[in-house]
């Protein structure tokens, strides 16, 4: 089994030192969320995740969900753990107190999301979509529906799903075939089949609230004719109690490479009663409220799994003895952590993980501002930055999750390939994250075509970074970092300019460059994060030399060793798409 | 289930056009191995692999090997297939006719190795180590042992293993504890435990011949005191018949991430009777005969699995409809192969795979020269080139196998993560290849410290490439390729010079740069391969425009889009190891 210790010191370092968004600090309702409170929450969260949830990771892998006689059974121990999980209030962490939530900001709940991902992605997924459903209902449903459904979801007694995919449409939702016919009482009857529904059915909650995309006959073709419906597994009586079974049936669950403790369902809707959420034919944009926050959380999954992979390989590297390092003096076999190449591998993981956590913290502040600031203009501007960085966090973090879990296996050697150590499970569990909630390529296309081209939001982001560099102008210890970051920013700007230019008359050049652009923005965003970490660490060096010197050292590693990847991506993209479009693939 | 069609056209293209090693063409005994014969062999091999072996890939994954009452059972159908496999003579393909082999050159058998890897790695592993054992016995054992053991191994009735690893030593074989005590009759009794023994026990052959590293008490410490022994599962009578059971027992088999149809065994040697192979205390170098050829084959495994992944994603991309491409004219949903980004992904796979196959073909010629040329100096020189490129093929091909199977999953989206399509199995099966036969980092260290530093072999290789470029000087269609390849060669030379320099006083810089150097050499070697493919294709363009234009196009892709990675690796490595060695990893 893997080990996991929640990196509370790392999280508190960010909370104490990098809550640097002025607008965030102005949010009235978060003024009491102080360091002591957050530390206390993280301590409790760590206890829960380390002791109760993390042991379930391997259990779920070895005893996958079972589908029998139309019913889905979760792995052994999941029921008991889920019951404690909701009793301790973890589903309600970031929800509105009006519906029973604790009203914590994203700056705090994102740390919790990371811990939960580190502990067990399969277990996490049972409650994760509930928060997605919560957000979707909160922002788009009418008061009656909110009052009826939200308290139970917040409490965790009911869970939620997102039902988008059908066998003929994953990325291209315009092809949806599920139909919704309006009834006299204003409700709808839904008929169709949805696939790949995470937590589509299970035995942990007394009801499951499906948020379903479907087409109302007679509406516009394609994505403009999609509406969003709330369809409960069991109908809910007017008094809020659980009533008769609705027309939703589970046909099967998928046999998957990983996240085996999480049921991925084929759901059949057969005249299932549903309620319109938001306006008819505007379902996609309502669903995107859910999707966007969900995409960030998927990125955090990649980060969380990478953290567990790193902790385990570090621990193994400190114990496993093999060979003699260059600096061996006693002629005894060395622990492999003394070998330069193993250290390089560990630092690659560490520098990416810590940079990502810091970027996620920056993004969490922006989300909190976008949702809670009193000034609409400020909210709007934060929302734009969130929309820019969301696909980066989703794709970049999950791709790095693949890279890091892969490196972790390598450090374990043969022991990484066998099941005992649990390392290979991290590689398999993580592998879904670049796929679901929109494949990473879809994210890259979204980034470039919707958020970079003909849009000022990238320039806004770059201005923030440039301002940061400028403010530190003259500090000799930061000179190296300012200089390299400046060069990277130039690459990013040139790349964006190239995209704008190509978009005018050679769109295929742009389409085939999206993935590279996303990577470049990812690496540069992490460099920006490391720049700020370095600045703070240099300022505080004497308070805790051990901790802050290590930060500056890791920043050096990141700037020297990881950031050069930017140039290869840029150069590769700039070569254009001629050979790509000419290929015949016979 | 996956599809697989052996790429015979690609293989014949190489055999017909790139058998360009003059020394190879001088080898007397291969003069009759002509194009028709090879085509015939490949056709038969394709039939066997496609029809009999490939269907067993999924069977083995779903019905892993079973260990029960001390006995290992292979998956259903493996026995019957193996029986046909040896009856058709496939184990004997490259073996010496003296022992019943067919005496085919590596240029042919490597194609077969690739096909078998594409069809089912698990199935392949039952016979793969037999060839390793064959080579080791052939080169180091006395005539009596050769005559006794080789014919049965060549015939495939007996299989072979390599028993190196013990729980405390993988990479560092100096730590071996297995003991061998000399008996009066000249034989030895071996006692100890070996782990991770591929095909260590199974029910496909009537005997298993273990090649075991052990220490004779009183010998030198560390790797200098290791001897090599042949230890049969069943003792072999003087008449060659299988006799009593030897003291070798299977304690357990591993539960693994992939290659589940191949048993990975813990073997207990308890006074097992063995025979010294080669000289006492010189066992490691004898074992390396086996290891080196085996390492190349592991690289070929990565190539073979990548080919299957590519074929399946290509086929899926041609069928799956989703979204509209930039060039969509009819407003209908496009097959995803029309999307620029999907094409980019497919071309990345294709350009790497075809480049690798060509490099493997070049290497096969060198191996054939090193083993068979009449001139010792030429043999020696070829052997050096083989020793240089062996770690590259092992590590680079298997790492690319990870990259390519990963990309393939991504093209399948959600369907790539479920078990039905078989894509995720390729990702899991391939994942062992960067680990076994020496982890990829060990290969990189071997490459740099043994074959690049203080050694002229890299310069020899570079001279070959430079000569190739020079010969084509002036052909305008090749100008672009010459120029880019020239720049890459410069990077490679500078990098090597930097390593030499650093090795004098900053060894950690070298150690932490090995992986990057191996990657650079890998990418440059592939560029060299593509350069030669392009040259040939331009010459023959009018013979088959469809085929040769595609080659030139793919070369363009490789040079424009993949080769830029070289610079990032070089730059990252050159940044040195200060942050790496300073890190405290608290």
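Residue numbers (this note's numbering), protein chains in the order written: chain C, 1 to 586; chain X, 1001 to 1586. All residues carry an ideal CB built from backbone N, CA and C; glycine is no exception.
In the pairwise beta carbon analysis, the stretch 13-22 of chain C is classified as not touching the stretch 322-341 of chain C: fewer than three pairs are separated by under 8 Å. By the CB criterion at 8 Å, residue 1191 of chain X and residue 1270 of chain X fall inside the cutoff. In terms of beta-carbon proximity, residue 1560 of chain X lines the interface with chain C, with at least one pair separated by less than 8 Å.
The beta strand (DSSP E) runs lying completely inside the stretch 1232-1318 of chain X and spanning 3 residues or more are 1234-1236, 1242-1245, 1248-1253, 1264-1277, given in chain order. Separation of the CB atoms of residue 1198 of chain X and residue 1264 of chain X is rounded to 6 Å, and the pair is thereby assigned contact status at 8 Å. For residue 60 of chain C, the enclosing alpha helix (DSSP H) covers residues 55-62. Between residue 430 of chain C and chain X, the shortest Cβ-Cβ separation is not below 8 Å. If only uninterrupted alpha helix (DSSP H) runs of at least 4 residues are considered, those enclosed by the stretch 105-158 of chain C are 106-119, 121-140, 143-155. Boundaries cannot be given for residue 1006 of chain X, as no alpha helix (DSSP H) includes it and DSSP labels it neither H nor E. Going by DSSP, residue 193 of chain C is part of the beta strand (DSSP E) stretching over 188-198.
A Cβ-Cβ contact shorter than 8 Å links residue 1088 of chain X with residue 1048 of chain X. Under the three-state reduction of DSSP, residue 160 of chain C is assigned to strand.
Judged by pairs of C-beta atoms under 8 Å, the stretch 1362-1375 of chain X touches the stretch 1025-1043 of chain X, as three or more such pairs exist. DSSP places residue 506 of chain C outside both helix and strand once states are collapsed to three, so it counts as coil.
Taking a C-beta cut-off of 7 Å against chain X, the contacting residues of the stretch 194-228 of chain C are 196, listed in chain order.
According to the DSSP assignment, residue 569 of chain C belongs to no beta strand (DSSP E) but to the alpha helix (DSSP H) extending over 565-574. Against residue 1255 of chain X, the close residues of chain C are 418, 419, 420, in the order they occur along the chain (beta-carbon pairs closer than 9 Å). Only those residues of the stretch 434-450 of chain C whose C-beta falls short of 8 Å from the nearest C-beta of chain X are listed: 434, 435, 436, 439, 440, 441, 444, 445. Residue 564 of chain C counts as buried, since no fewer than 16 other beta carbons sit within 10 angstroms of its beta carbon. As far as DSSP is concerned, residue 489 of chain C takes part in no beta bridge. One Cα belongs to residue 256 of chain C, the other to residue 350 of chain C, and the distance between them is close to 29 Å. As DSSP reads the structure, residue 180 of chain C sits in a beta bridge with C:190. Within 10 angstroms of the beta-carbon of residue 206 of chain C lie fewer than 16 other beta-carbons, which makes it exposed. Counting every other CB atom within 10 Å of its CB across the protein chains shown gives residue 1003 of chain X a total below 16, marking it as exposed. If you check each beta-carbon in the stretch 1282-1307 of chain X against every beta-carbon of chain C, none falls closer than 9 Å. Assignment of residue 512 of chain C by DSSP, reduced to helix, strand and coil, places it in the coil class. Only exposed fits residue 66 of chain C, as fewer than 16 other CB atoms lie within 10 angstroms of its CB. Residues of the stretch 1562-1573 of chain X that bring their beta carbon within less than 7 Å of a beta carbon in chain C comprise 1564, 1565, 1567, 1568, 1571, 1572, in sequence order. Just measuring C-alpha positions, the residue of X:1536, X:1110, X:1439, X:1566 sitting nearest residue 1485 of chain X is X:1566. Using beta-carbon distances, residue 1042 of chain X does not count as an interface residue toward chain C, since no partner is under 8 Å. Within the same chain, and ignoring the five residues on either side of residue 1037 of chain X in sequence, no residue has its Cβ closer than 8 Å to its Cβ. Residue state for residue 1321 of chain X is assigned as strand, using DSSP reduced to three classes. Neighbours of residue 311 of chain C in chain X, taken as residues at a C-beta separation under 8 Å, are lacking, since the least C-beta distance is about 11 Å. Between residue 1526 of chain X and residue 1352 of chain X a beta carbon distance of about 7 Å is seen, short of the 8 Å cut, so the two are scored as contacting. For residue 215 of chain C, the uninterrupted beta strand (DSSP E) segment begins and ends at 207-215. For residue 1431 of chain X, the three-state secondary structure derived from DSSP is coil.
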